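Residue numbers (mature numbering (1 follows the signal peptide of the UniProt record, and there is no 0)): -28 to -1, 1 to 600.
Glycine residues also receive a C-beta, built at the ideal position from the N, C-alpha and C atoms.
Since the structure is predicted, the reported quantities are computational estimates derived from the model, not experimental observations.
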């Protein structure tokens, strides 16, 4: 405590000393009158003292000056007298306030000083404007932003000590500043996905890790795996009671305090960096001289990121029909009334062999030039023949280098009883897709490349025959979970799609077909229907289509001409409202066609039958037979 008080007193004393010295003003000596003096083997120090007294100054003479002076000085200019003393005895002088200092020219020193917490030009202007320096020995600012002090040892030491004290006082001045962010996030973001929690650091955590030397690890992306066992509730009921307000600190907090004291034994100041989520700002408390460094780093980090639109399709296709989609096939294929085109470097096939291709590494590729909608149109046709099944077609908009997570899972909690308590274990099944895009600009100015970091995890429950019974009475049945994981990195151009697959899944489906009613008749139902189980072996495919978006490309319509949008949810009768037609003088050339089309569609809508109330009797329709 005493050391901290002494440091605080020393800093305040340094600031007070600098303030007093800045307020001190030197009185300029009047050297306009000539100087007269007669000497006969007089000591040099006596002559210099008489010279200073003649102009109202107090003389400070160095001990290195010695000699005898003989001669008459009759109305000599003061500057000529000092030049004669310098030529004969090596005397040099400088004036500060009401004192003149005489020293030998061999005592002159040259010292270089570089301030750390204040600008050299600011420090030079401060010293020069305060008249703390002699006009004969003014400090200079040389190349490299360094201050150069020239003069006798005592003069240089005084200037150097004053500069260091002021620099240290500015360095120890603690300030607080708020940096508002425009694009980046100040606080950390936590994303929970299935069995892990992803912590994306914000600007505050990055700066804190930078100040601490990266020891805390707060500036790096952190992934925490979640345990399948849920937190036990034992001892957290009513019997537990409220927590003690003055409970002893835990072992972890005590260890953290010891570690902090070990790293900072003297109790020096440490920076504080916090995030304000309300303003999306970073609040920093640190020394004043460090604030420009924080501002430079924040300007580099707080930049806008480009948008990436991701379209994905997760499809299960029959292994025999997968070739119809262009997967591992030797050219084009025709099925029904639709054709399949080739992928990258794969021309369409006209039914004749051999198949020619322009690619060097074969004709099979996982990068397609075809669009996402074209691929899904082919899948929908296969779905009509029960040869494919779409598990999901998610679309999401994310930022560059920000992970997008698409999750569709089902969670079950299985109780496991123990001797004194019962625990819950989480079992999840479903599909989780994680995609992290990274935009790489083409140096030639073409379409950008998009690097994708893809992680696909599919957990599906197996057949009920493989279930495991848990418990003494056999009341809990747990089906095994089959996991399929794909982790890869790829790079595609704008407009290309990436296809991943190769895993097979097997499923069984009961087939019960026949004549309705008769197939369920006892005894003779087998003559009118069939029953059985049909097995399917399908290949799971993942198609990802990224697209780089700019803010200018995202446009919304300013108006709608569809009369269906003229309905209001507060209407009691839900009658279509006719928009008021524009007057002839208000309608321009660009709106006449649109107004006429809206009027025609409104008129057609008005011709439709009006909806009947719920309690009204339905209208009876009588069909008259046609007479021959």
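Own chain, CB closer than 6 Å to residue i, minus 5 neighbours either side, in chain order
i, result
"residue 123", "109"
"residue 359", "290, 293"
"residue 260", "145, 147"
"residue 32", "71, 73"
"residue 478", "509"
"residue 419", "465, 466"
"residue 457", "429"
"residue 40", "13"
"residue 62", "76, 77"
"residue 243", "183, 258"
"residue 117", "92"
"residue 462", "424, 470"
Beta-bridge partners of residue i, as assigned by DSSP
i, result
"residue 123", "81"
"residue 47", "Beta-bridge pairing links residue 47 to no other residue."
"residue 421", "412, 465"
"residue 182", "None; residue 182 has no bridge partner."
"residue 633", "This structure leaves residue 633 out entirely; the chain is present only between -28 and 600."
"residue 495", "Answer by DSSP bridge pairing: none, since residue 495 is not bridged."
"residue 482", "505"
"residue 145", "According to DSSP, residue 145 bridges with nothing at all."
"residue 151", "254"
"residue 7", "48"
"residue 157", "Per DSSP, none; premise fails for residue 157."
"residue 381", "402"
"residue 15", "40"
"residue 285", "515"
"residue 32", "73"
Neighbourhood of residue i by C-beta distance below 7 Å, restricted to the same chain and skipping five residues each side
i, result
"residue 12", "42"
"residue 378", "284, 366, 368, 405"
"residue 45", "7, 8, 9, 53"
"residue 18", "none"
"residue 380", "364, 402, 403"
Close-in-space but distant-in-sequence residues of the same chain around residue i (CB under 8 Å, 5 per side omitted)
i, result
"residue 162", "169, 170, 171, 172"
"residue 394", "387, 388"
"residue 372", "277, 278, 279, 280, 409, 410, 411"
"residue 95", "87, 119, 135, 138, 139"
"residue 382", "400, 401, 402"
"residue 355", "361, 362"
"residue 267", "151"
"residue 262", "243"
Simplified DSSP assignment, three categories, for residue i
i, result
"residue 477", "strand"
"residue 275", "coil"
"residue 59", "helix"
"residue 459", "strand"
"residue 404", "strand"
"residue 270", "helix"
"residue 140", "helix"
"residue 21", "helix"
"residue 168", "strand"
"residue 261", "helix"
"residue 131", "helix"
"residue 347", "helix"
"residue 365", "coil"
"residue 37", "coil"
"residue 518", "strand"
"residue 453", "strand"
"residue 214", "Note on residue 214: pLDDT 46, under 50, position unreliable in the model; no value is reported."
"residue 74", "strand"
"residue 42", "strand"
"residue 54", "helix"
"residue 355", "helix"
"residue 102", "coil"
"residue 242", "coil"
"residue 97", "helix"
"residue 490", "coil"
"residue 67", "strand"
Nearest-angstrom beta carbon gap, residue j and residue i [assumed within contact, 8 Å]
i, j, result
"residue 489", "residue 502", "With 8 Å as the limit, residue 489 and residue 502 do not qualify as a contact, their Cβ atoms being about 15 Å apart."
"residue 125", "residue 77", "Their Cβ separation, rounded to whole angstroms, is 13 Å, which puts residue 125 and residue 77 out of contact at 8 Å."
"residue 254", "residue 153", "7 Å"
"residue 422", "residue 460", "About 14 Å separates the two Cβ atoms, so there is no contact after all."
"residue 246", "residue 176", "6 Å"
"residue 132", "residue 105", "With a Cβ gap of about 12 Å, residue 132 and residue 105 do not count as contacting."
"residue 249", "residue 158", "7 Å"
- [ ] Inspect the CB distances between the stretch 41 to 61 and the stretch 4 to 23 and report whether three or more fall short of 8 Å.
- [x] yes
Open item on the list: Quick test of the definition: if touching needs 3 or more C-beta pairs under 8 Å, does the stretch 80 to 88 touch the stretch 147 to 158?
Closed with: no
Open item on the list: Check whether the stretch 414 to 429 and the stretch 353 to 367 touch, using three or more Cβ-Cβ pairs below 8 Å as the test.
Closed with: no
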